[in-house]
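Undergrad:
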Amino acid sequence: MATTGLHLAAAKGDLAGAQARLQAGDPIDHSDQHGNAAMHHAAKGGHAALIQMLAGARGNVNLQAPTTLATPLVFAAQSGHTAAVQQLLGLGAQSALATRKGKTAIGVAQEKNHHQVVALLSQARAVGCAACRTMLNDALRSALHTMCCTMHCTV
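Using my numbering, the letters of the sequence shown correspond one by one to residues 2 to 156.
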């Protein structure tokens, strides 16, 4: 697990550099020596446009680092990057995924007093819960619906 040019470009927010590294064959979800992929680096730096580009290239917005289980959403929330958090949520990031220490994105945002991020994550959770309430009243609810609710309503 070595750092690639894609990791370095993502950490700097270098969109053109990241695109060039992908075209050169750098693997998109490859972990560096710390277990973080390019998406983690882009999220930590708050580079929303780069997050969008990586997701468009099939980067996993829910990828958990092997050592910490931190997701890109956890990194963005911990760093207080509201636009990156919003971008990740819009791309399907799951706020309920927890780190090895049991911390979720909203938990780390609360610890760091990133009030705007907490509000955004809370709002996303409320929307998800409203959808689940609708599904729970649906006579055709399936096991898949139940699993979906479990994934995005538990923070």
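Note that the Cβ used here is the ideal one computed from N, Cα and C, for glycine as well.
Verify whether the separation of the beta carbon atoms of ALA77 and LEU92 is less than 7 Å.
TA: The answer is no: Cβ separation not under 7 Å.
Undergrad: Counting C-beta neighbours from all protein chains within 10 Å, is the total for GLN34 16 or more, i.e. buried, or is it exposed?
TA: Burial call: exposed.
Undergrad: Label GLN65 either buried or exposed according to how many other C-beta atoms from any shown protein chain fall within 10 Å of its C-beta, with 16 as the threshold for buried.
TA: When all chains shown are included, GLN65 counts as buried.
Undergrad: Could you say which of LYS102, LEU7, LEU16 lies nearest to THR69 if we only look at CA atoms?
TA: The residue with the shortest Cα to Cα distance from THR69 is LYS102.
Undergrad: How close, in whole Å, do the beta carbons of ALA49 and ALA84 come, if the pair is a contact with beta carbons under 8 Å?
TA: With 8 Å as the limit, ALA49 and ALA84 qualify as a contact, their Cβ atoms being about 4 Å apart.
Undergrad: Could you tell me which of LEU98, ALA3, ALA106, GLN87 sits nearest to ILE52, measuring between CA atoms?
TA: The candidate whose alpha carbon is nearest that of ILE52 is GLN87.
Undergrad: Who are the near neighbours of HIS82 in its chain, counting only those whose CB is closer than 6 Å to its CB and skipping five residues on each side?
TA: Around HIS82: GLY47.
Undergrad: Relative to the C-alpha of PRO67, which residue among LYS113, HIS31, GLY60, THR105 is closest?
TA: When only C-alpha atoms are compared, the closest one is HIS31.
Undergrad: Which value, in whole angstroms, describes the spacing of the CA atoms of ALA17 and ALA10?
TA: If I take the Cα positions, the gap works out to 8 Å.
Undergrad: Please report how far the alpha carbon of HIS116 lies from the alpha carbon of ALA110, in whole angstroms.
TA: When rounded, the distance between both Cα atoms is 7 Å.
Undergrad: Where do the ends of the alpha helix (DSSP H) carrying ARG22 lie?
TA: Here the alpha helix (DSSP H) through ARG22 covers 16 to 24.
Undergrad: So which of THR100, SER96, LYS104 has the shortest CA-CA distance to ALA120?
TA: The shortest Cα separation from ALA120 among THR100, SER96, LYS104 belongs to SER96.
Undergrad: Using a Cβ-Cβ cutoff of less than 6 Å, which residues in the same chain neighbour HIS8 once the five nearest sequence positions on both sides are dropped?
TA: ASP33, ALA39, HIS42, listed in sequence order.
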